[in-house]
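Here is the structure we will look at, set down as structure tokens.
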Ligand SMILES: Cc1cc2nc3c(=O)[nH]c(=O)nc-3n(C[C@H](O)[C@H](O)[C@H](O)COP(=O)(O)OP(=O)(O)OC[C@H]3O[C@@H](n4cnc5c(N)ncnc54)[C@H](O)[C@@H]3O)c2cc1C
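Numbering (my numbering), first residue to last: 11 to 463.
Here it is in structure tokens:
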């Protein structure tokens, strides 16, 4: 019996072999596709469905690619010939909300924004806020270790998960972590699962750490600077001043011009780069005033509003970045991260790389945490060699500055060739041994993350 037939005889109608579904599973939002269609898509609705799928896969040594909403930017959910796609999108229930203990237990397929809309009705929220929060799943957020605009103040996924339920490659179900605030029993396997990109197990449930909604106002500032280095130095000065903005985003001149063009706004003068900052909570106004003073001392031309609607209008410029890049061509969105004080030096490196490879690299940064998204734009579906050469230079520059290959998008298939270099031999071997303990047959997301150089 073929694998698809075995799946169908055990799981029935939730096994999907329609052309459209198989075709859609070849790609995530990175712009890259697998070379062909997978065997079948299993739309799991229960933990039992996931376990049955994994048992059939293990028996036939058939690779499995777990898939949330497919908004990933590293090719991690791309599935190809001979592979089963295990979709968790239909496992989308909120199982428990505990306002007294500030946690919620959810299934992996719920969308981040849907969860937060439900929590808001009860005066709470789950802080990780990827820009894709309307379209990405909590399971995918956990599997990639996602971040977002607010994470400098409120933390990333890693700071907001108490436990995960995981189905292993052989179908066993594990409950990792705890429901208590504290808990140090044994090794921290919950943390190991966060950011594991579908290579160690299938996340089938999560106990999420919640916060109460922030009371007080939201104040928004923009500051224009004549160069990106000056803007980066401005953001470093804000961090060094001890202020804690909720959001601090930097757009270089090329990024800012592209968004202004998309939104039909007057074009900024050449070289102009912009910081967009929000403060929140009871001390939002005095904190915004202090940040404005710091930025003026750094040469910034500051606009400050205490009006939240006007603030959202200013922030919409930053939120339009993805659309502005898409309008320019195919985009390889990179994701390096450096210590915050190294932000000006990293922008210097990007300028150098632009000159060396004759490329424009519009770059935005979550400046509050030193995470940059340089965008390589090109025509067609295949990343040109020159772009890969420039990306290679970019990664090495970030690592030299004490940073890392990826701040929030993950390794997937697109960055696997650089992983061993950042980790070093000893850690590379250890990480592959850990992968083999969880998945001895190597059936979970093969060809992603841990690929031999
Ligand atoms: C417009 C746009 C803006 C974005 N902004 C941000 C941002 O601000 N911050 C950020 O961090 N990312 C961002 N992303 C990237 C992406 O949305 C995140 O990586 C997100 O967490 C992926 O969730 P998903 O449900 O789409 O997962 P998918 O793309 O389906 O999968 C991503 C990876 O997780 C694995 N996976 C998915 N679900 C599970 C599961 N249940 N168990 C085990 N493994 C699983 C997959 O195998 C794959 O390796 C953005 C993407 C877009 C398109």
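In this text, a Cβ means the ideal position worked out from N, Cα and C, and glycines have one as well.
Residue i, enclosing alpha helix (DSSP H) - first and last residue
{"i": "residue 435", "result": "435-448"}
{"i": "residue 163", "result": "161-164"}
{"i": "residue 187", "result": "Unbroken run through residue 187 is the beta strand (DSSP E), 183-187; no alpha helix (DSSP H)."}
{"i": "residue 147", "result": "No alpha helix (DSSP H) contains residue 147, which DSSP labels as neither H nor E."}
{"i": "residue 234", "result": "Careful: residue 234 lies outside any alpha helix (DSSP H), inside the beta strand (DSSP E) at 227-235."}
{"i": "residue 50", "result": "It is not in any alpha helix (DSSP H) - residue 50 instead sits in the beta strand (DSSP E) that spans 50-53."}
beta-carbon residue i near ligand 1 non-hydrogen atom, thresh 7 Å
{"i": "residue 485", "result": "Past the boundaries of the shown model lies residue 485; the chain is included only from 11 to 463, so the question cannot be answered."}
{"i": "residue 419", "result": "yes"}
{"i": "residue 455", "result": "yes"}
{"i": "residue 385", "result": "no"}
{"i": "residue 458", "result": "yes"}
{"i": "residue 77", "result": "yes"}
{"i": "residue 153", "result": "yes"}
{"i": "residue 332", "result": "yes"}
{"i": "residue 374", "result": "no"}
{"i": "residue 63", "result": "no"}
{"i": "residue 293", "result": "no"}
{"i": "residue 156", "result": "yes"}
{"i": "residue 340", "result": "no"}
{"i": "residue 146", "result": "yes"}
{"i": "residue 162", "result": "no"}
{"i": "residue 93", "result": "no"}
{"i": "residue 118", "result": "yes"}
{"i": "residue 81", "result": "yes"}
{"i": "residue 98", "result": "yes"}
{"i": "residue 253", "result": "no"}
{"i": "residue 207", "result": "yes"}
{"i": "residue 150", "result": "yes"}
{"i": "residue 226", "result": "no"}
For residue i, the nearest candidate out of the options (CA to CA)
{"i": "residue 238", "options": "205, 284, 222", "result": "284"}
{"i": "residue 164", "options": "66, 291, 47, 194", "result": "291"}
{"i": "residue 398", "options": "342, 452, 199", "result": "342"}
{"i": "residue 424", "options": "454, 280, 42, 418", "result": "42"}
{"i": "residue 467", "options": "293, 179, 122, 411", "result": "Since the first residue of the chain shown is 11 and the last is 463, residue 467 is not available in this structure."}
{"i": "residue 183", "options": "27, 213, 208", "result": "213"}
{"i": "residue 175", "options": "162, 216, 86", "result": "216"}
{"i": "residue 387", "options": "432, 409, 415, 339", "result": "339"}
{"i": "residue 347", "options": "360, 337, 173", "result": "360"}
{"i": "residue 17", "options": "336, 59, 39, 401", "result": "59"}
{"i": "residue 142", "options": "329, 395, 461, 73", "result": "329"}
{"i": "residue 40", "options": "159, 395, 137, 421", "result": "421"}
{"i": "residue 319", "options": "392, 408, 228, 366", "result": "228"}
{"i": "residue 26", "options": "85, 369, 97, 91", "result": "97"}
{"i": "residue 266", "options": "211, 324, 210", "result": "324"}
{"i": "residue 296", "options": "254, 332, 258, 331", "result": "254"}
{"i": "residue 458", "options": "430, 257, 434", "result": "430"}
{"i": "residue 198", "options": "321, 173, 461", "result": "173"}
Residue span of the beta strand (DSSP E) that contains residue i, given as start and end
{"i": "residue 258", "result": "257-261"}
{"i": "residue 351", "result": "From DSSP, residue 351 is part of no beta strand (DSSP E); its letter is neither H nor E."}
{"i": "residue 283", "result": "283-291"}
{"i": "residue 97", "result": "94-97"}
{"i": "residue 384", "result": "381-388"}
{"i": "residue 308", "result": "No beta strand (DSSP E) contains residue 308, which DSSP labels as neither H nor E."}
{"i": "residue 108", "result": "104-108"}
{"i": "residue 376", "result": "373-376"}
{"i": "residue 115", "result": "113-116"}
{"i": "residue 342", "result": "340-343"}
{"i": "residue 57", "result": "Premise fails: residue 57 lies in the alpha helix (DSSP H), 57-69, not in any beta strand (DSSP E)."}
{"i": "residue 77", "result": "74-77"}
{"i": "residue 217", "result": "212-219"}
{"i": "residue 173", "result": "171-177"}
Heavy atom of ligand 2 within 7 Å of residue i beta-carbon
{"i": "residue 142", "result": "Absence of ligand 2 is noted for the structure shown, with ligand 1 being the only ligands found."}
Within-8 Å CB hit, residue i to chain B
{"i": "residue 181", "result": "Absent from the structure: chain B. Only one protein chain is present."}
Point to revise | Three-pair Cβ contact test at 8 Å for the stretch 253-273 versus the stretch 372-380 | key: yes
Review point. Can at least three beta-carbon pairs, one atom from the stretch 218-233 and one from the stretch 297-315, be found at a separation below 8 Å?
Key: yes
Exercise for review: Say whether the stretch 435-450 touches the stretch 186-196, bearing in mind that this needs 3 or more beta-carbon pairs closer than 8 Å, one atom from each stretch.
Suggested key: no
Review point. Is the stretch 343-360 in contact with the stretch 233-250, if contact means three or more CB pairs nearer than 8 Å?
Key: Yes: the two stretches touch, three or more of their Cβ pairs being nearer than 8 Å.
**Study point:** the stretch 216-224 / the stretch 114-125 touching (three or more Cβ pairs under 8 Å)
**Key:** Yes: at least three Cβ pairs fall under 8 Å.
Practice item. Decide yes or no for the touch test of the stretch 68-81 against the stretch 146-155: beta carbon pairs closer than 8 Å, at least 3 of them. Key: yes
Practice item. Determine contact between the stretch 32-46 and the stretch 197-214, defined as no fewer than three beta-carbon pairs at a distance below 8 Å. Key: Judged by Cβ distances under 8 Å, the stretch 32-46 makes no contact with the stretch 197-214, as fewer than three pairs qualify.
Review point. Is the stretch 60-68 in contact with the stretch 11-21, if contact means three or more CB pairs nearer than 8 Å?
Key: A contact exists between the stretch 60-68 and the stretch 11-21.
Review point. Would the stretch 152-171 and the stretch 412-424 be scored as touching if the rule is three or more Cβ pairs under 8 Å?
Key: Yes: at least three Cβ pairs fall under 8 Å.
Practice item. Indicate whether the contact test is met: 3 or more Cβ pairs, each with one atom in the stretch 83-95 and one in the stretch 117-129, closer than 8 Å. Key: The stretch 83-95 vs the stretch 117-129: no contact.
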